[in-house]
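Chains as they are written, first to last, in my numbering: chain A, 59 to 253; chain B, 59 to 253. Where is the CB? At the ideal position from N, CA and C, for every residue including glycine. In this text, all values refer to a predicted model and were calculated from it rather than measured experimentally. Presented below is the structure to which this report refers.
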DNA sequence: CGATTCTTTGAAAACAGTCAATCTGTGTGG
DNA sequence: CCACACAGATTGACTGTTTTCAAAGAATCG
């Protein structure tokens with residue numbers, strides 16, 4: 059169960075994990091299984107866990123004044139999920155996180171991470187890289203959202219995340235792109251005509 | 059000149075800088091002065107500098123297929139600016155960064171930062187926190203962009219960055235919000251009527 | 001099969017963008 | 001000191017895109 063995480067860390071850091079570090083990871087990360095539709099985090103709570111997805115798929119979203127959901131992130135196998143802001147600042151989260159499928163997670167609390175600070179340099183480096191990649195990805199997405207039409211954003215999404223198109227219903231992808239499901243349906247219809 | 063940066067670091071980390079660290083900062087960060095409209099980075103270049111703004115104001119923006127500019131970030135005194143993606147990955151940047159006013163920067167190259175890795179824990183911690191804050195801020199902005207109308211986004215902007223409203227012309231703020239200057243002008247006119 | 005979820009589509013309304021003209025204030029150079 | 005250029009802001013008329021709401025069709029699952 060923890061093996062996937064260990065492999066992930068080794069693939070994303072310069073020096074491989076020592077035996078002691080592997081031990082630490084086994085004890086610091088708790089297994090958590092979620093059924094479809096089950097919450098990992100609900101709006102208003104403080105995000106207790108940073109979670110590595112071993113199997114399954116999740117989404118992070120908020121709900122606006124009209125009750126509409128807006129997906130800010132998807133997560134699948136080998137991705138991480140959690141509300142960084144709430145997790146690091148210990149503030150109530152503005153987001154919900156729930157499972158889109160049966161999901162298996164490895165979770166770690168903030169306290170546990172702090173304990174590992176001096177014990178596992180590889181893990182800490184990995185988390186730093188994660189922040190870095192995350193900042194870059196979010197920046198890109200923001201930039202694309204500001205600069206391009208829904209049609210181009212969908213094309214880009216299709217190109218970057220073909221797996222998601224297969225895996226998630228359209229209305230979720232529409233929500234991720236910041237448009238309505240009707241609009242996405244029409245965009246797809248047009249793109250098809252164009253071919 | 060470097061004093062403002064030293065103060066900034068001390069305010070943003072747990073342990074104050076040692077004398078050696080202050081020395082290191084003086085030698086690692088180069089002063090750079092930019093006139094209004096001068097570039098720090100142009101699209102296609104690799105972003106050589108991460109810059110701390112001592113005085114002045116800057117913007118980071120991209121240009122879409124139609125030649126329109128889209129501002130992804132502003133920077134003023136005590137903020138950092140640079141294209142993280144290009145800077146860390148050494149890839150050609152999709153952005154331009156230029157000065158909106160006469161600006162004084164303290165710049166550091168990637169190589170210099172790597173050299174400091176083992177020499178100044180405080181600086182490294184500060185950079186990590188910067189990444190973290192940056193990721194959080196970008197996430198918030200993305201979320202607001204997906205979830206709210208231009209009118210609400212402007213209201214939020216007004217609340218969060220009142221200094222910017224004074225300081226930057228409206229068409230730049232419109233570009234930051236992802237709308238045209240005409241639309242922003244009308245939104246402001248409506249908001250005024252509403253009061 | 002029946003229920004639920006997902007997708008498509010139509011018509012009207014709301015919204016934002018484009019283009020162009022005008023108005024404002026600022027600052028420069030003659 | 002005036003004339004002029006220039007950058008910024010506003011406004012109107014028009015266009016185009018996206019949303020909304022509702023209904024109906026398709027797919028999936030227990």
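Residue 222 of chain B carries a helical assignment under DSSP once its states are collapsed to helix, strand and coil. Look at residue 174 of chain B: its C-beta is not under 8 Å from any C-beta on chain A. Taken atom to atom, the span from the alpha-carbon of residue 231 of chain A to that of residue 196 of chain B is near 20 Å. For residue 193 of chain B, the neighbours in chain A by C-beta distance under 8 Å run, in chain order, 142, 189, 192, 193, 196. Listed along chain B is no residue with a C-beta nearer than 7 Å to that of residue 139 of chain A; the closest approach is about 13 Å. By the criterion of a C-beta distance shorter than 6 Å, residue 97 of chain A is surrounded in its chain by 156, once the five residues flanking it on both sides are discounted. Excluding sequence positions up to five before and after residue 147 of chain A, its CB lies less than 8 Å from no other CB in the same chain. Exposed is the label assigned to residue 89 of chain A, since fewer than 16 other Cβ atoms lie within 10 Å of its Cβ.
DSSP places residue 108 of chain A in the uninterrupted beta strand (DSSP E) bounded by 107-113.
About 6 Å separates the Cβ atoms of residue 107 of chain B and residue 167 of chain B, confirming a contact at the 8 Å cut-off. Secondary structure of residue 132 of chain B (DSSP, three-state): strand. Residue 94 of chain B and residue 194 of chain B have their alpha carbons spaced roughly 30 Å apart.
Among the CB atoms of chain B, one or more fall inside 8 Å of the CB of residue 201 of chain A.
Interface residue (Cβ-Cβ distance to chain B less than 8 Å): residue 128 of chain A is classified as such. The contact set of residue 120 of chain B on chain A, defined by CB atoms closer than 9 Å, consists of 201, 204, 205 in chain order. Spanning the alpha carbons of residue 82 of chain A and residue 125 of chain A requires a straight line of approximately 42 Å. The beta carbon of residue 146 of chain B falls within 8 Å of a beta carbon belonging to chain A, placing the residue at that interface.
Closest option to residue 242 of chain B, judged by alpha-carbon separation, among B:201, B:210, B:220: B:210. At a beta-carbon threshold of 7 Å, the residues of chain A lying near residue 186 of chain B are 186, ordered along the chain. Scanning its chain for C-beta atoms nearer than 6 Å, with the 5 sequence neighbours on each side dropped, one finds around residue 153 of chain B the residues 118, 120, 141, in chain order.
Residue 236 of chain A has a beta carbon lying within less than 8 Å of a beta carbon in chain B. A contact between stretches requires three or more CB pairs, one per stretch, nearer than 8 Å, and the stretch 223-240 of chain A fails this requirement with the stretch 68-87 of chain B.
Ranked by Cα distance from residue 136 of chain A, the first of A:67, A:219, A:207 is A:67. The distance from the Cβ of residue 144 of chain B to that of residue 171 of chain B is about 14 Å, inconsistent with a contact at the 8 Å cut-off.
For residue 164 of chain B, the three-state secondary structure derived from DSSP is strand. Inter-residue distance for residue 84 of chain A and residue 181 of chain A is about 12 Å (C-alpha atoms, whole angstroms).
If only uninterrupted alpha helix (DSSP H) runs of at least 4 residues are considered, those enclosed by the stretch 157-201 of chain B are 168-174. Here residue 59 of chain B is exposed, its C-beta having fewer than 16 other C-beta atoms within 10 Å. DSSP places residue 81 of chain A inside the alpha helix (DSSP H), whose first and last residues are 77-86. DSSP, read as helix, strand or coil, puts residue 93 of chain A in coil. Counting the other Cβ atoms within 10 Å of the Cβ of residue 217 of chain B gives fewer than 16, which makes it exposed. Around the CB of residue 223 of chain B, fewer than 16 other CB atoms lie within 10 Å, so the residue is classed as exposed. In the same chain as residue 246 of chain A, and ignoring 5 residues on each side of it, the C-beta atoms closer than 8 Å to its own belong to 212, 228, in chain order. As the crow flies, the alpha-carbon of residue 207 of chain B is around 11 Å from that of residue 214 of chain B.
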